[in-house]
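Enquirer:
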Amino acid sequence: MKNTPAALQKIFTFFHSQSGYLNNLATCLIILVMLFSACGRKHDDSNGNSKLDPRTEALLYMKKNQLNEAEASFLKAIQTGPDNVLNNKDLTLLYLLQKNYTAAEDQAKAGLKIKPGDLDLRLMLADIFAKKGDKGGAIRELKEVLKKDPKNIKALYKLADLGPSGPDQAWKKSYLTKVSGLVPANIVPRLELAELLAANNETDSAIFNLQAVKKIVPEFFGAAKVSYQKGLSLLQANQPAAALPFMQQFHKLMQLSAEYASGNDELKMPQLIAGHVAFSTSQEDQVSYDTKGKGLLNSMTFTDASELAGLALGKGLNSENSVLAKADRDGVGNLYVYAGFTPAGASSAKHYLLISKTGAFEACNVIGGIDHEGQDLDATFADYDNDGYQDLFIATTKGIIVYRNHGDGNFSRVTKDIGLGKTANVNKMLFADFDQDGDLDMFVGQKGGNKFFRNNGDGTFTEQANAMGLSGNSLGTIAMDFGDWDGDGDVDIVGLNENGGIQLFNNNRHSNFKDISDSVGLRNAAYSGAAIAFGDYNNDGMLDIFVAGGPNSKCSLLKNDGHRFVADPVSKKLSTALKGIKVNDVAFVDFDNDGHQDLLVAGVNADKSKSGVKLFHNDTTKGFSDVSYLLPKNVLRAHHIKIGDFDMDGDQDILLSGPDGVQFLRNDGGNMNHFIQVQLFGLSYGNSKNNRLGIGAQVELRSGDLYQLKTVTGPITEFGVGTRNKFGTVRVIWPNGVAQTIADPTSQERILEVELLKGSCPFLFTWNGNKYEFIKDMMWRSALGMPLAIHGTDTTYAFSDASKEYLLIPGEKLKPRNGRYSIKVTEELWEAVYFDKVGLTAVDHPDSVDVYADERFVPPPFPGKRLYQIADKHLPLSARDEKGNDLLPKISAYDFQYAANFSLGKFQGLAENHELILDLGSKAKADSLTLLLRGWIFPSDASINMAVAQSDKYSVHPPSLQVINKKGKWETVIPNMGFPMGRDKMVIANLSGKFLTANDRRVKISTNMQIYWDQIFFSSGNVKAPVKMKDLSMIAANLDYRGYSADYRKGGPFGPEWFDYYAVTKGQKWRDLTGNYTRYGDVLPLLQKADDEYIITDGGDEISIDFDAAKLPALPKGWKRDFLIYSEGWVKDGDLNTANGQTVAPLPFHKMPSYPYGRNVAYPADKEHREYQQKYNTRKVSTSDFKNALR
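Structure, rendered in structure tokens:
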């Protein structure tokens, strides 16, 4: 650099913006050393004397642990730059390090005079007051911070420790809960909350937070696993005091993990450490310039830092072939790098696997060594077993070799057969969740035909290229990339065959791809090459294609207009710049953080005196300009490119491999522009709907007038935003298609997948005399197009019958309003609903008996319009789980407190096998006995069903009921008892004649489904009270748009999602199923009878229905009025694996033999049904609103 101190200031300013990575402070020192060893060290003052500026001098003294000298230099820097508040900040931190709190307070206050609104200084001042014992002063400063930034997690976390002492620690719990809600991916507050709640005997909440840690962190090992399991078991046994020591031990062991360290950095106050350099969170001194000009390009460069970083591998080998792979270990700058080189004439490769520690790389330990036979042809890291640790896959001339990552810095070769046979001479490996089932599959490019290895979810793969349409032709695939080219929510593949022709494999879902190159304009001889990449270079939200290495060095930048690809005229200019270069690899990279994707090309120049590596800057509307002068002069030849922020300084560095070995090109200056780094955390334990790293997700960013879209390919996805000071909004579209939006993200946004039901059923609200209240969900007996099992290439789907369902509405929940009973049915999930009929029946009965409807899920034939009369309710004498834990307090009353003492499994909806053992006692007479169980279920979904069906390791066991036989053994008498149809539903089991012994009245209910029981009781004998039912007339029905209800947990952490009718958000929540929906307005004629002329509703719609209450007779004294609501119709969710889950059509109808139905079956086309569709289903819905939500 021309001016080293100025360059240092830029880097130091960056670190002021990055306190989230304090555990990687040595990186800053490496940069410091490298700059002073590689660049001019001094500048001249007015007298011609060479010296460092005071601030840089102070920072160097800090590095040398010369604190007094650093103090003097900082004071001098304040004198020479009195308006630079950074000097006050760093001196404040220095005084804090020295425990000179009075001087620290003075400097913080001096800084606040310069910049009164600086929140970092107020945080420091609060820390000073706390250390001085002035708790009131600390709280006052922290609350000032929160006035300006209510989501400041550092302030909230600090406040948690400053509250009044008390037995329940309500203050601390309140603030830790707020922190946990704002940074759900951070395990630190979760662990503290779990301990606090256990100490306060809030067992369910303690379990919930402890299990939340397991959902975030990879597998626990050794002592941590033991202490976790012991603590959890004791909590489930309702022994929180006994559990607490094990929880504390688990917390202590977790402090050694990378997840805890990064979480701690996110919460703790900024600090200086002697011998290291760390800074606060400000960005006020970032440079300002025209992002469309050349200001930054003239101030930055790339430096070959290979030697300093320990990455100077393969030098002097003059390798004909090399491979290169890199992986981020933890999201905080610790990396793995693999490189393999095949020297000229050699039959085997030289291998290097390195791990970064404190900013430099060293050899990684591989148990048994890493030497393997054959030449390396490709390498990549991928977490194939979804344990959170990226494993190493190496394609060789002998086949694919896998080294498993143990998570502790050690690898070992996988020697057992995991299904990767016949993989010799593979050109390329590509990992993503191509079948949308929550794990990473592998697409293999190979001459003579490709292979596709579907991940079975149990650590093995099954080859299915032919079945999935990915085998390609005999030319195979030599280069490839993945991304969602058409924005439909699933991952597609673009590749090049051996002749250089483009292949675009469109993901049709349901494990099927199709090469559509012809139909999108890609089957063009002019578009050919040796390397290819997806990227949105024009920021229109559609992935474009760059292909290079064609005949005569031709390359093509192909713009995606949403339907076809068209060559950008700049292709000619790029081709000219690449003249004479044999291209090996290409990559999109925003190296200057201006928010626009630049291009990097790696190859070998025919003219050996010239470089074969080219860097092109995206000048937006002006095209691309060749800025290869930014690269070091010794960068001449390369085979492969890897992009990433290796030194975690906020800009994209370049890693190359080639004939000259590995070259690490450190980006010096790109971080002068602002940026945001997004890290995704997919849930595994108890969920597994997405892979842990979110590979294949689409991340969108809207920052002022700048929109960007990127595909997640690793733990960190970085966006540059130029000189913009606010990041605006981030939206993640996870690989399973669910969107998650984060407003006002931080510069290091750690996004934890939200655990929610994306598809279930419509919601029922009723007028209770004061307001509309959520009652329960409806039409649960329909799961149109949901896959249940896979048999080779055939899939079994759920039954296609319309849901016919009677649900009980307690009389106190439905009251007349102006002579009408008013209900609201809202559609709020990712699904289309076909309402064919709705009815309401008044049920009048003596108040000495209660009536119940059987609200369990069973296949057809469905329970009809039957009520169960219960006069005497008897609780079981005991209720215990398989471990003997007492569950009677949980199931004794209808109070939304649930028996939840089972452990979750891998998938949502599937838990570990658990049992509920009830002793009904002597009151349970065998001749007429009814068991009633009220509860709710957290179900699986279509994609989870697909994942479960791929392996014999996982299966669903619906609740079965057993009794004791004459041999004293448990014997099944009800193989499938059914389960609650959603939220707050009653399951009724007839136990008459089921007992096999005269006096033993124990029953055991076993399942691995995620069912939570609230109330269980039984009744003996037949009750025949006079019950009068009267069907009410529907007098009004109207369809309109309403929006989405706010949700909360009913009754505690293990209660179901419940909904507030009056807290509503508008906007686009889901990717709509496209097609014709029912137009808004009067829909009364459509709900009168089941005739396949139904209301079709979309997400956000509401049906308001009124029934005539005036014609009902007055209730006799001592009687009560309840209600039955009847619904008939279908529900089809938008899950990526639901049959026809992208569209409203094909329409269901009562006589269809199955769904999906074949080509010879069709919805009724008679005059009546045609007129119905023409009159009512005229509201056309596309995905454009969803796609353009941030654009």
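Taking this note's numbering, the leading residue of the sequence shown gets 50, the next gets one more, and so forth. C-beta atoms are modelled at their ideal positions from N, C-alpha and C, and glycine is treated no differently.
Counting along the chain, where does the beta strand (DSSP E) carrying residue 908 start and finish?
Expert: Position 859 of the sequence shown, counting from 1, holds the residue named residue 908. That residue, residue 908, is in no beta strand (DSSP E); it is neither H nor E in DSSP.
Enquirer: To the nearest angstrom, report how far apart residue 644 and residue 345 are at their CA atoms.
Expert: What you label residue 644 is simply residue 595 of the sequence shown in a count that begins at 1. What you label residue 345 is simply residue 296 of the sequence shown in a count that begins at 1. Rounded to whole angstroms, residue 644 to residue 345 spans 13 Å at the Cα level.
Enquirer: Rounded to whole angstroms, what is the Cα-Cα separation between residue 1112 and residue 925?
Expert: The residue given as residue 1112 occupies position 1063 in the sequence shown. The residue given as residue 925 occupies position 876 in the sequence shown. Spanning the two alpha carbons is a distance of roughly 40 Å.
Enquirer: Taking the straight line between their C-alpha atoms, what separation do you get for residue 1101 and residue 355?
Expert: Taking the sequence shown and counting its residues from 1, one reaches residue 1101 at position 1052. Taking the sequence shown and counting its residues from 1, one reaches residue 355 at position 306. Cα to Cα, residue 1101 sits roughly 54 Å from residue 355.
Enquirer: Rank 958, 870, 720, 537 by C-alpha distance to the C-alpha of residue 1158 and give the top, closest one.
Expert: Your numbering for residue 1158 matches position 1109 in the sequence shown. The residue with the shortest Cα to Cα distance from residue 1158 is 870.
Enquirer: Assuming residue 20 and residue 834 form a contact by the criterion Cβ under 8 Å, report the distance between their Cβ atoms to the nearest whole angstrom.
Expert: Outside the shown range of the chain (50 to 1240) lies residue 20, about which nothing can therefore be said.
Enquirer: Measure the C-alpha to C-alpha separation of residue 666 and residue 771 and round it to an integer number of angstroms.
Expert: Taking the first residue of the sequence shown as 1, we reach residue 666 at position 617. Taking the first residue of the sequence shown as 1, we reach residue 771 at position 722. Near 14 Å, if we compare the C-alpha coordinates of residue 771 and residue 666.
Enquirer: Using a threshold of 8 Å, state whether the C-beta atoms of residue 518 and residue 546 are closer than that.
Expert: Sequence index remark: in the sequence shown, residue 518 carries index 469 (1-based). Sequence index remark: in the sequence shown, residue 546 carries index 497 (1-based). Judged by their CB atoms, residue 518 and residue 546 are not nearer to each other than the 8 Å cut-off.
Enquirer: List in chain order: all unbroken alpha helix (DSSP H) runs of 4+ residues lying wholly within the segment 740-814.
Expert: none
Enquirer: Is it the case that the Cβ atoms of residue 1041 and residue 976 are separated by a distance below 8 Å?
Expert: Sequence index remark: in the sequence shown, residue 1041 carries index 992 (1-based). Sequence index remark: in the sequence shown, residue 976 carries index 927 (1-based). Their beta carbons are under 8 Å apart, which means residue 1041 touches residue 976 by this criterion.
Enquirer: Count the other CB atoms, across all protein chains shown, that sit within 10 Å of the CB of residue 52; report buried if there are 16 or more and exposed otherwise.
Expert: For the purposes of this step, residue 52 is identified with residue 3 of the sequence shown, where counting begins at 1. A caution first: residue 52 carries a pLDDT of 39, below 50, which makes its placement in the model unreliable, though a value can still be read off. It is exposed - the Cβ of residue 52 has fewer than 16 other Cβ atoms within 10 Å.
Enquirer: Could you tell me the boundaries of the beta strand (DSSP E) in which residue 1083 lies?
Expert: Along the sequence shown, read from residue 1 onward, the residue named residue 1083 stands at position 1034. Per DSSP, residue 1083 belongs to the beta strand (DSSP E) from 1083-1090.
Enquirer: I think residue 739 touches residue 802, with their Cβ atoms under 8 Å apart; what is that distance to the nearest whole Å?
Expert: Here residue 739 is taken as the residue at index 690 of the sequence shown, counted from 1. Here residue 802 is taken as the residue at index 753 of the sequence shown, counted from 1. The pair is a contact, with the Cβ atoms about 6 Å apart (cut-off 8 Å).
Enquirer: Apart from the five residues just before and just after residue 156, which ones in its own chain have a Cβ nearer than 7 Å to its Cβ?
Expert: What you label residue 156 is simply residue 107 of the sequence shown in a count that begins at 1. Beyond the five residues adjoining it in sequence on each side, residue 156 comes within less than 7 Å, by CB distance, of 137, 140, 141, 144 in the same chain, given in chain order.
Enquirer: I need the boundaries of the alpha helix (DSSP H) containing residue 986, first residue and last residue.
Expert: Here the question's residue 986 lines up with position 937 in the sequence shown. Run containing residue 986: none in the alpha helix (DSSP H); it sits in the beta strand (DSSP E), 978-986.
Enquirer: Tell me the start and end of each unbroken alpha helix (DSSP H) in the segment 610-686 that is at least 4 residues and wholly inside, in chain order.
Expert: Runs found: 619-626.
Enquirer: How about residue 916 and residue 887: are their beta carbons less than 8 Å apart?
Expert: Position 867 of the sequence shown holds residue 916. Position 838 of the sequence shown holds residue 887. The criterion of a C-beta distance shorter than 8 Å is not satisfied by residue 916 and residue 887.
Enquirer: With which residues is residue 607 paired in a DSSP beta bridge?
Expert: As a position in the sequence shown, residue 607 is number 558, starting the count at 1. Answer is 594, 616, bridged to residue 607.
Enquirer: If you reduce the DSSP assignment to three classes, tell me which class residue 1128 lands in.
Expert: The residue you call residue 1128 lines up with position 1079 of the sequence shown. Residue 1128 falls in the coil class under three-state DSSP.
Enquirer: Buried or exposed: residue 464, going by 16 or more other Cβ atoms within 10 Å of its Cβ?
Expert: As a position in the sequence shown, residue 464 is number 415, starting the count at 1. With fewer than 16 neighbouring CB atoms inside 10 Å of its own CB, residue 464 falls in the exposed class.
Enquirer: Would DSSP call residue 201 helix, strand or coil?
Expert: The residue you call residue 201 lines up with position 152 of the sequence shown. It is coil, neither helix nor strand.
Enquirer: As an exercise, report each continuous beta strand (DSSP E) stretch of at least 3 residues that is fully enclosed by the segment 1049-1112, in chain order.
Expert: Considered as a whole, the segment 1049-1112 harbours 1051-1058, 1060-1069, 1077-1080, 1083-1090, 1093-1098 as its complete beta strand (DSSP E) runs of no fewer than 3 residues, in chain order.
Enquirer: Look at residue 934 and residue 286 and say whether their C-beta atoms are less than 8 Å apart.
Expert: Here residue 934 refers to the residue found at position 885 of the sequence shown. Here residue 286 refers to the residue found at position 237 of the sequence shown. Yes, the pair counts as a contact, with Cβ atoms nearer than the cut-off.
Enquirer: Could you give the first and the last residue of the continuous alpha helix (DSSP H) run that contains residue 826?
Expert: The sequence position of residue 826 within the sequence shown is 777, counting from 1. Premise fails: residue 826 lies in the beta strand (DSSP E), 821-826, not in any alpha helix (DSSP H).
Enquirer: Can at least three beta-carbon pairs, one atom from the segment 259-275 and one from the segment 191-200, be found at a separation below 8 Å?
Expert: The segment 259-275, when compared against the segment 191-200, does not touch it at the 8 Å Cβ threshold.
Enquirer: Is it buried or exposed, residue 215, if we count other Cβ atoms within 10 angstroms and call 16 or more buried?
Expert: Locating residue 215 in the sequence shown gives position 166, where the first residue counts as 1. By the neighbour-count criterion, in which 16 or more other beta carbons inside 10 Å mark a residue as buried, residue 215 falls on the exposed side.
Enquirer: Just reading off the alpha helix (DSSP H) that residue 313 is part of, what are its end residues?
Expert: As a first step, residue 313 is located in the sequence shown; it is residue number 264 there, counting from the start. Here the alpha helix (DSSP H) through residue 313 covers 307-316.
Enquirer: Here's the rule I'm using: 16 or more other beta-carbon atoms within 10 Å means buried, otherwise exposed. How should residue 270 be labelled?
Expert: Reading the sequence shown from its first residue, position 221 is the one you call residue 270. Result: exposed.
Enquirer: Residue 986 and residue 14 - do their beta-carbons sit closer together than 8 Å?
Expert: For the chain, the structure presents residues 50 to 1240; residue 14 sits outside this window and is missing.
Enquirer: Give me the residue from 1148, 979, 281 with the minimum Cα distance to residue 1123.
Expert: Here the question's residue 1123 lines up with position 1074 in the sequence shown. Of 1148, 979, 281, the residue nearest in Cα terms is 1148.
Enquirer: Look up residue 565 in the DSSP assignment and say whether it is helix, strand or coil.
Expert: To locate residue 565, count along the sequence shown from 1; it is residue 516. Correct three-state label for residue 565: coil.
Enquirer: Within this structure, are the beta carbons of residue 366 and residue 386 separated by less than 8 Å?
Expert: Within the sequence shown, residue 366 is the residue found at index 317, counting from 1. Within the sequence shown, residue 386 is the residue found at index 337, counting from 1. It is not a contact, given that the beta carbons lie outside the stated cut-off.
Enquirer: Of the residues 991, 1235, 716, which one's Cα is nearest the Cα of residue 696?
Expert: One-based indexing of the sequence shown puts residue 696 at position 647. Selected option, being the one with the closest Cα: 716.
Enquirer: Please classify residue 988 as buried or exposed, where buried requires at least 16 other C-beta atoms within 10 Å of its C-beta.
Expert: The count along the sequence shown starts at 1 and reaches residue 988 at position 939. Classification of residue 988: buried, given that the 10 Å Cβ count is 16 or more.
Enquirer: Quick check on this structure: which residue in 805, 1002, 940, 928 has the alpha carbon closest to the alpha carbon of residue 1052?
Expert: Taking the first residue of the sequence shown as 1, we reach residue 1052 at position 1003. Per the Cα distances, 928.
Enquirer: DSSP three-state label for residue 218, please.
Expert: As a position in the sequence shown, residue 218 is number 169, starting the count at 1. Three-state result, residue 218: coil.
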